[in-house]
Amino acid sequence: MSPAADPETPRAPAALGGRLLRAGLSFLIAVALVWALLAWSDVHPREVVDTVARMPLGAFALALAIHCAIYALRAWRFRVLIPSAPPPTLWQACVIGAAHNLATYLLPAKTGEGAWVVYLKTRLGVPSSVGLASLVVARLLDLAVLCGELGIVCVVLAFGADAAKLRWLAPVGALLLALTIVFFVLASNSHWLTALAHALLRGSGLSRTGLGARLGTRLDSIAAALVEAAAGGRLWRAALLTVPQWLGIFAFYAVLARAMGLDADVGFVEACFGSSLAVLTNLLPINGFAGFGTQEGGWVLGFGVLGVPRDAALSTALGVHVVQLFDTLALGLVALALMAWLWPPRRDVR
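Here the working numbering is used: the first residue of the sequence shown is 1, the next is one more, and so on.
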């Protein structure tokens with residue numbers, strides 16, 4: 001077949017152009033959001049540079065060590081949720097997890113999440129349904145544990161030293177604790193999501209078409225993988241690994257926030273709450289390039305509730321984000337190099 005007649009030939013440049021356009025738009029949106037936040041406050045970019053520069057080297061090293069520990073816990077959890085024999089080793093899961101996290105962090109609207117499934121399949125031969133099941137269950141556990149830990153933090157703050165100002169956090173905490181149960185039940189029954197997709201196929205009449213039949217078969221394999229991922233005590237072991245993972249995330253933010261000069265009254269509990277909205281903007285599919293702009297907005301709002309001045313919160317937010325981006329880029333690029341060296345793309349996967 002001639003190049004002109006090959007249907008794949010014109011698609012590749014078009015697909016590449018589309019990805020570049022989306023990445024460019026995401027970058028411009030991030031720049032616009034950061035510029036708007038700087039304009040809204042009295043923070044000058046030079047202040048952000050000074051904030052990062054005065055951070056003690058020991059605090060940077062501690063934050064990096066916590067970052068690496070978080071990656072190790074995530075890899076251990078993913079390994080638990082992949083029941084195939086044999087599952088990826090902890091080393092393999094760490095390397096692929098770091099590369100996946102880089103893609104998730106840099107690509108807009110969480111489109112990089114699919115890298116986990118792609119890397120597992122092309123590098124280790126793990127079926128895509130199994131990789132997708134581990135990712136879905138892991139993210140539902142993230143939501144469950146995040147809501148639970150934040151619910152406890154809200155209750156503690158509502159009845160703490162500033163109870164008169166923060167009493168309204170008590171019902172928020174109760175709601176978050178209720179959502180913990182909801183997300184955990186959904187994580188243990190994540191195959192309900194495929195049942196819902198089947199219902200939509202039948203309701204739309206698409207199930208009677210060839211495409212619908214293929215989608216239905218695909219959904220059946222994903223449903224079986226979801227059931228297997230949560231079976232045999234794997235869900236509980238993964239949940240127990242998710243708790244210290246999220247404690248590590250908040251510890252990472254607390255170490256950097258204090259090292260960059262945030263109010264001395266901000267302890268671990270306050271850091272958990274203050275960074276919570278920043279965390280949510282990174283977890284939900286609403287962030288732009290590297291989360292810039294949205295993460296800072298969530299950080300300023302969260303710490304603002306605790307009485308931290310807007311300018312101090314914003315300069316710290318940008319400084320923390322720069323360090324987080326540096327760690328993610330460094331670990332991710334090393335992981336990509338290791339993947340290319342140790343596990344080149346397999347030719348036998350379908």
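Beta carbons: idealized from backbone N, C-alpha and C, even for Gly.
**Asked** Where do the ends of the alpha helix (DSSP H) carrying Arg237 lie?
**Response** Per DSSP, the continuous alpha helix (DSSP H) segment holding Arg237 begins and ends at Arg234 to Ala259.
Entirely within the region 184 to 215 and at least 4 residues each: give me those alpha helix (DSSP H) ranges in chain order.
191 to 204
- Task: Let me know the secondary structure DSSP gives Leu262 once reduced to three states.
- Result: coil
If you draw a straight line from the C-alpha of Cys272 to the C-alpha of Ala254, how long is it? 8 Å
Compare the C-alpha of Trp76 against each of Ala278, Met339 and Pro244 and name the closest.
Pro244
**Message:** Restricting to runs no shorter than 4 residues, where is the alpha helix (DSSP H) found entirely within the region 115 to 192?
**Reply:** 128 to 158, 163 to 166 and 169 to 188
- Query: What's the C-alpha gap between Pro171 and Gly319?
  - Reply: 32 Å
Checklist entry - Can you tell which of Phe60, Ala98, Leu256 and Ile70 has the C-alpha that lies nearest to the C-alpha of Asp142? => result Ile70
Give a yes or no on whether 7 Å exceeds the smallest Cβ distance from Gly148 to chain B.
Any reference to chain B falls outside this structure, which holds one protein chain only.
**Asked** Quick one: what does DSSP say Thr89 is sitting in, helix, strand or coil?
**Response** coil
Does the beta-carbon of Arg79, which I'm using as the reference point, lie nearer than 6 Å to any heavy atom of the ligand NAP?
Ligands are entirely absent from the displayed structure, and the ligand NAP is therefore not among its contents.
In this structure, how does DSSP classify Ser275 when only helix, strand and coil are distinguished? coil
* Asked: Can the beta-carbon of Val137 be found closer than 7 Å to that of Ala187?
  -> Yes, the Cβ-Cβ distance between Val137 and Ala187 is below 7 Å.
query = In whole angstroms, what separates the C-alpha of Ser315 from that of Gly233?
reply = 44 Å
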